[in-house]
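These notes concern the structure reproduced below.
There are 2 protein chains.
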Amino acid sequence: MKKDISIVDVAEEAGVSIATVSNVINQKGRVSEKTRKKILQIIDNLGYTPNLTARNLKTRRSDLIGMVIPVMKPGRMQDNPFYWDLLAGVEEGARDRRFHIILMGIDEATETFSFVKERQLDGLIVVGTNEGSQVIERLNKLNIPIVFVDSYLASDEYYQVCLEDRYGSYCATKYLIELGHSKIAILTGEVPEDQLPNYGVLHERWLGYKDALAEAGIAYDSQMIIQLPTSLEGGYRSVDRILQLTDVTAVFSFSDVGAMGVLKRMKELGKKVPEEYSVIGFDNLFISNYTSPTLTTVAQDIVQKGKAAVTMLLDQIDGNHIPQRKVSLSVDVVERETTGPCKW
Amino acid sequence: MKKDISIVDVAEEAGVSIATVSNVINQKGRVSEKTRKKILQIIDNLGYTPNLTARNLKTRRSDLIGMVIPVMKPGRMQDNPFYWDLLAGVEEGARDRRFHIILMGIDEATETFSFVKERQLDGLIVVGTNEGSQVIERLNKLNIPIVFVDSYLASDEYYQVCLEDRYGSYCATKYLIELGHSKIAILTGEVPEDQLPNYGVLHERWLGYKDALAEAGIAYDSQMIIQLPTSLEGGYRSVDRILQLTDVTAVFSFSDVGAMGVLKRMKELGKKVPEEYSVIGFDNLFISNYTSPTLTTVAQDIVQKGKAAVTMLLDQIDGNHIPQRKVSLSVDVVERETTGPCKW
DNA sequence: TTGAAAGCGCTACCAT
DNA sequence: ATGGTAGCGCTTTCAA
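If you read the sequences in order, they're chains A and B.
Each residue of the first sequence is one higher than the one before, starting from 1 at the first, in UniProt numbering.
Each residue of the second sequence is one higher than the one before, starting from 1 at the first, in UniProt numbering.
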């Protein structure tokens with residue numbers, strides 16, 4: 001197997017020093033147009049590709065960012081299309097700026113992030129961690145640019161991309177209330193109520209829910225909180241619990257996948273949506289417009305969220321000015337077929 | 001900002017040479033237990049992390065693999081949960097073997113794969129390319145371990161992970177035929193019929209469809225092929241075309257997302273599934289069990305596919321014995337609610 | 001405008 | 001069992 005072509009080969013072929021070759025590769029100027037042309041030509045002929053590993057060793061810049069996503073029980077990444085959309089945005093944004101991305105599923109409890117130093121990552125996008133999580137402290141020690149997505153960290157030192165979660169949740173709830181619903185079950189995810197404040201996104205949405213209730217003068221009832229995983233399965237299983245509650249007429253799932261689970265189980269049990277129960281989700285997955293009935297939901301632009309995060313990260317890395325460290329993307333209730341007037 | 005701790009610091013602190021430190025890091029043995037312990041202790045104290053970039057420069061091994069996925073029009077990765085499941089499998093398998101993965105969306109027409117040499121990638125997982133594609137030749141030049149997923153390359157030199165596409169398609173079609181259907185429209189994706197042989201997966205499935213028809217003595221009718229994108233939108237749009245065809249009673253979509261699009265449009269037009277039309281998909285996305293009605297489909301284990309691919313790749317990289325270069329994973333018709341007896 | 005050379009952090013060979 | 005050192009491919013300073 002023949003050795004790779006290095007900068008030395010190019011220099012020899014061109015009869016110049018490697019320093020000069022380096023200068024043309026890196027467009028430093030200070031090379032005569034003539035030799036520049038010649039070297040470029042030779043690079044092309046030889047099919048030379050600079051070795052980023054070597055460059056990185058010297059410059060301490062890898063043009064590589066990490067995207068970390070929490071994994072579930074057996075070490076598998078979460079089965080929610082949300083992440084794919086987010087990743088699509090990040091990937092696209094990174095590609096535009098000639099960065100590459102390393103994707104990693106992490107176990108928050110044990111991850112040390114040693115790969116960040118090992119790989120000399122220039123930055124990190126961290127998805128869905130929370131105030132008080134063990135990872136925050138470890139991440140701080142890394143001392144590299146980080147953008148947190150959906151994480152709600154209190155300190156305004158952190159760069160964050162979030163969503164108008166509270167407002168979106170408020171709108172969803174208000175929307176249901178205006179339809180006449182007052183007993184509204186919520187699927188918050190698998191978190192005990194007293195732990196909610198530690199789960200930023202869920203907490204915000206919970207607050208939004210309470211905001212709307214309060215505004216309408218409806219008493220908050222913690223029985224309405226269903227604590228099951230944010231997943232199809234979780235949504236599915238939640239229905240049996242909801243039916244044990246009295247007079248519930250609407251369900252607000254903090255995720256679209258959860259809402260889809262609800263729809264399935266409702267249908268199995270012969271419960272009519274939206275005639276008997278209204279269901280609203282959160283996310284507006286592209287698939288949510290294709291369920292039957294189509295899902296009313298709080299829409300966010302997930303791909304845009306990924307792009308916003310990576311843009312903020314790369315700007316940070318490149319030392320560009322960043323107007324604000326915390327960005328909150330807007331939401332929008334999309335009215336479809338799973339919601340309707342309260343039956344009573 | 002303080003400089004990172006290097007092997008030199010560890011060596012100094014321990015009063016040994018860097019060679020010895022290197023030996024303990026790489027578990028080469030030939031170090032006395034006593035010094036080994038000591039060095040390990042110091043590494044821990046100092047919080048030293050080896051610099052993989054430097055190691056890589058020396059060893060020419062990056063412990064990094066690439067996963068490349070074709071992008072759509074505006075440079076966005078395809079909006080199909082399939083890829084996320086596949087990625088989940090790859091990521092999990094890579095993590096188990098301490099490899100990291102770089103994910104890249106590529107434009108097949110222009111991609112040169114220069115990043116492979118630049119980053120010294122140890123291997124590549126290539127998804128959904130095809131015989132005769134421009135990328136094959138370029139990939140060959142790379143001269144690194146590659147595993148092709150869903151690619152159907154003729155030469156048995158290539159390492160490939162595929163599916164029993166033809167058989168799965170045969171089973172799906174046969175299943176419909178046994179229900180009494182004979183006019184079965186198929187959604188192949190956006191490929192002209194005469195180009196099908198160049199699209200491995202689609203071609204195989206097309207062949208399987210024809211196999212079943214032939215077996216049942218049903219004439220093949222190329223009008224039954226609907227050429228629209230493999231997507232929710234494509235499936236949705238296909239319905240209007242299908243309805244122009246005479247006597248069609250069943251639709252076989254080569255993807256679940258396509259089938260979901262069909263379901264939506266059918267419902268909008270008041271067409272009953274499965275009473276008037278049977279619909280069957282392909283993939284068994286986790287979401288397909290949550291549509292309404294739930295989707296009959298040809299099931300494949302996508303996560304397992306990703307794992308199989310990465311395992312084969314890493315075995316190749318590590319020089320392990322690989323029993324066979326081409327693996328075909330099995331499929332399985334999952335009968336749900338979108339299919340039923342032919343109305344006539 | 002160009003070149004010589006140091007050195008990034010590490011591994012691996014060869015000595016001791 | 002341990003150490004000295006060349007060198008991986010590149011960037012960067014300094015000198016010419």
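Ideal Cβ placement from N, Cα and C applies to all residues, glycine included.
B/His-203 is not a Cβ neighbour of B/Leu-213, given a cutoff of 8 Å. Excluding its 5 nearest sequence neighbours in each direction, A/Arg-36 has C-beta neighbours in its own chain below 7 Å: Val-24, listed in chain order. Between A/Val-298 and A/Cys-162, the C-beta gap is not smaller than 8 Å, which leaves the two residues out of contact. Between the stretch 249–269 of chain A and the stretch 221–236 of chain A, the count of C-beta pairs closer than 8 Å reaches three or more; the two stretches touch. When secondary structure is reduced to three states using DSSP, A/Phe-148 falls in the strand class. A/Gln-300 counts as buried, since at least 16 other C-beta atoms from the protein chains shown sit within 10 angstroms of its C-beta. Ranked by how close their Cα comes to the Cα of B/Trp-206, the residues B/Phe-282, B/Phe-82, B/Thr-188 and B/Glu-215 have B/Thr-188 in first place. Within the model, the alpha-carbon separation for B/Gly-132 versus B/Glu-108 is close to 12 Å. Contact note: A/Asn-51 reaches chain B through Leu-57, Lys-117, Glu-118 and Gln-120, using a C-beta cutoff of 8 Å and chain order. Under the three-pair Cβ rule at 8 Å, the stretch 94–109 of chain A counts as touching the stretch 123–143 of chain A. Scanning its chain for C-beta atoms nearer than 8 Å, with the 5 sequence neighbours on each side dropped, one finds around B/Ala-11 the residues Ser-17, Ile-18, Thr-20 and Val-21, in chain order. Between A/Ser-151 and A/Thr-129, the C-beta spacing is below 8 Å. For A/Gln-316, there is no enclosing beta strand (DSSP E); the enclosing alpha helix (DSSP H) covers residues 302–317. For A/Gly-261, the enclosing alpha helix (DSSP H) covers residues 256–268. When secondary structure is reduced to three states using DSSP, A/Val-126 falls in the strand class. Using a Cβ-Cβ cut-off of 8 Å, A/Phe-286 counts as an interface residue toward chain B, since at least one Cβ of chain B sits closer than that to its own. The Cβ of A/Ile-280 sits no closer than 8 Å to any Cβ of chain B.
Contacts with chain A at 8 Å (Cβ-Cβ) do not include B/Gly-217. At a cut-off of 8 Å, the C-beta of B/Ala-109 has no neighbouring C-beta in chain A. Between B/Leu-64 and B/Leu-87 the beta-carbon gap is near 16 Å, outside 8 Å, which marks them as no contact.
Residue contact with chain A for B/Thr-291: present (Cβ-Cβ distance below 8 Å to some residue of chain A). Just so you know, the alpha carbons of A/Asp-96 and A/Ser-278 end up roughly 42 Å apart.
With distances taken between CA atoms, B/Pro-81 lies nearest to A/Ser-288 out of A/Glu-335, A/Ser-288, A/Val-333 and A/Pro-341. A distance below 8 Å separates the beta carbons of A/Ser-114 and B/Thr-49. When DSSP states are grouped into helix, strand and coil, B/Thr-35 belongs to the helix group.
Taking a C-beta distance under 8 Å as the contact criterion, A/Met-67 and A/Ile-101 qualify as a contact pair. Ranking A/Leu-176, A/Arg-166, A/Ile-184 and A/Asp-221 by CA distance to the CA of A/Glu-193 puts A/Asp-221 first. Non-local beta-carbon contacts of A/Pro-341 in its own chain, meaning distances under 6 Å to residues more than five positions away in sequence, involve Leu-179 and Gly-180 in chain order.
B/Val-126 sits buried, since 16 or more C-beta atoms from the chains shown fall within 10 Å of its C-beta. Within chain B, the C-beta atoms nearer than 7 Å to that of A/Leu-263 come from Ser-292, in chain order. DSSP, read as helix, strand or coil, puts B/Tyr-220 in coil. Chain order gives the chain B residues near A/Glu-92 as Val-71, Pro-74, Gly-75, Arg-76, Met-77 and Gly-105, where near means a beta carbon separation below 9 Å. Here the alpha carbon of A/Arg-166 sits roughly 11 Å from the alpha carbon of A/Ser-330. A/Thr-296 is bridged by DSSP to A/Ile-280.
For B/Pro-70, the uninterrupted beta strand (DSSP E) run begins and ends at 64–70, by DSSP. If you ignore the 5 residues before and after A/Val-201, its C-beta comes within less than 6 Å of the C-beta of Asp-150 and Asp-165, all in its own chain and listed in chain order.
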